[in-house]
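Engineer: First the structure, which I've put down as structure tokens, then a few questions once you've had a look.
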Amino acid sequence: MAVRMTVLASGSRGNCTVFSSSGGSILVDAGISCRETIKRMQAVHEDPLQLKAIVISHEHGDHVAGVQVLSSKLKIPVYMTEATYDSWRKSTRDAEGKPAKLERREHFHAGRSFSIGDITINPFTIPHDAADPCGFTFQAEGVKIGMVTDLGYMPYSVKDHLRRCDGLMIESNHDLEMLRNGPYPWMVKQRVMSRVGHLSNSALADFFESDYDGSAAFVVLAHLSEENNYPELARRTAYKALGAKPNLFQASTLSIARQDKPLQPLCL
Ligand SMILES: [Zn+2]
Ligand SMILES: [Zn+2]
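When we follow my numbering, the leftmost residue of the sequence shown carries the number 1370, and every step to the right adds one.
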């Protein structure tokens, strides 16, 4: 079985992605309900019983909403940083109103790689307004996939981690003009636009044009805003910026992650 990435959901109403190798699979973020996660996995022929763990990027609700139920139903551990866990616990209550707990949890540290089965995970710090937010690269069977959403800009260190990726999932959150003129209150607009907010279509295009090495066989644009972006606009902006990269010349290798339904698995 090839190494594959399957985006089950992406956007401010929930994020969840399966990363699989022949040795098993992991779930990255659990921002949709347990029932919906399992339903979507089955729809794309990913077996929930193959899941070995859940890895959490940061504690915002759209990345953790389903984590408690999923981890206890599937009896699998949750990997997150200690600061993310502490912050999640403070804002989450169990059925009795006490701070929530995850019985089976493991802590990782940004900058220190760890393994789950035959998958090596390399977490790194991203600029976002959470306790200890992380992006990841995943390596298995000789291929490397990068996943980074929820970041206000692309620091040098993140660009460095994304070199020589065979597959890439990256945020293309908003169109700046749509955000400026859109319905959000000014405070929210400020947050999204800030250095710890979300990556715009044009900031991503800058990365593609100036720093990206074009090594990935597929690129997935992720965490699109439903109010301040259009999938076609994000796609056109990215495609134009990627135009000069020979590996990505075919539009079929550029896809848009959806909020409402899973993408077909992307295999390497
Ligand atoms: Zn998010
Ligand atoms: Zn977030």
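Backbone N, C-alpha and C fix where the C-beta goes; we use that ideal spot for every residue, glycine too.
Return the bridge partner residues of V1588 from the DSSP annotation.
Structural biologist: Bridge partners of V1588: L1537 and L1623.
Engineer: By the DSSP assignment, the alpha helix (DSSP H) with F1477 in it spans what residues?
Structural biologist: That residue, F1477, is in no alpha helix (DSSP H); it is neither H nor E in DSSP.
Engineer: Give the DSSP bridge partners of H1543, in chain order.
Structural biologist: Paired residue(s): S1569.
Engineer: From the DSSP output, in three-state form, read off N1550 for me.
Structural biologist: Helix at N1550.
Engineer: Just to confirm the assignment, what range does the beta strand (DSSP E) spanning Y1454 have?
Structural biologist: Careful: Y1454 lies outside any beta strand (DSSP E), inside the alpha helix (DSSP H) at E1451 to S1460.
Engineer: How big is the Cα-Cα spacing for A1620 and F1587?
Structural biologist: Bear in mind that the predicted position of A1620 carries a pLDDT of just 49, short of 50, making it unreliable; the figure below should be weighed with that in mind. In a straight line, the C-alpha of A1620 is about 10 Å away from that of F1587.
Engineer: Curious, which full-length beta strand (DSSP E) runs of at least 3 residues does the segment 1402–1453 contain?
Structural biologist: DSSP runs (the beta strand (DSSP E)) wholly in the segment 1402–1453: 1420–1424 and 1447–1449.
Engineer: Is V1512 closer than 8 Å to I1495 when the C-beta atoms are compared?
Structural biologist: Result no, Cβ atoms of I1495 and V1512 do not sit closer than 8 Å.
Engineer: So, are the CB atoms of T1461 and A1469 less than 8 Å apart?
Structural biologist: Yes, the Cβ-Cβ distance between T1461 and A1469 is below 8 Å.
Engineer: From which residue to which residue does the beta strand (DSSP E) around Q1508 run?
Structural biologist: Note, Q1508: beta strand (DSSP E), C1503 to A1509.
Engineer: Just to check, is the beta-carbon of H1429 closer than 7 Å to a non-hydrogen atom of ligand 2?
Structural biologist: Yes.
Engineer: Kindly list the residues whose CB is nearer than 6 Å to the CB of E1510, restricted to its own chain and excluding five residues on each side of it in sequence; keep chain order.
Structural biologist: Cβ within range, chain order: V1372 and S1390.
Engineer: Once the 5 residues before and after A1412 are set aside, which same chain residues still bring their CB inside 7 Å of it?
Structural biologist: Within the same chain, A1412 has close Cβ partners P1631.
Engineer: Looking at the secondary structure, which residues open and close the alpha helix (DSSP H) in which L1520 lies?
Structural biologist: Counting along the chain, L1520 falls outside any alpha helix (DSSP H), and DSSP gives it neither H nor E.
Engineer: Any heavy atom of ligand 1 within a distance shorter than 7 Å of the CB on S1594?
Structural biologist: No - ligand 1 has no heavy atom lying nearer than 7 Å to the Cβ of S1594.
Engineer: When you measure from the CB of H1497 to every non-hydrogen atom of ligand 2, does any distance come out below 7 Å?
Structural biologist: Yes, ligand 2 has a heavy atom inside 7 Å of this Cβ.
Engineer: Looking only at its own chain, which residues have a Cβ that is under 6 Å from the Cβ of M1410, when we skip the five neighbours before and after it?
Structural biologist: Excluding sequence neighbours, M1410 sits near P1417.
Engineer: So what's V1372 in DSSP terms, helix, strand or just coil?
Structural biologist: Coil, per DSSP.
Engineer: Please report the straight-line C-alpha distance between F1577 and V1397, rounded to a whole angstrom.
Structural biologist: Using only the alpha carbons, I get a separation of about 24 Å.
Engineer: Given the structure, does S1569 come close to ligand 1, in the sense that its CB is under 7 Å from one of the ligand's heavy atoms?
Structural biologist: S1569 Cβ: outside cutoff for every heavy atom of ligand 1.
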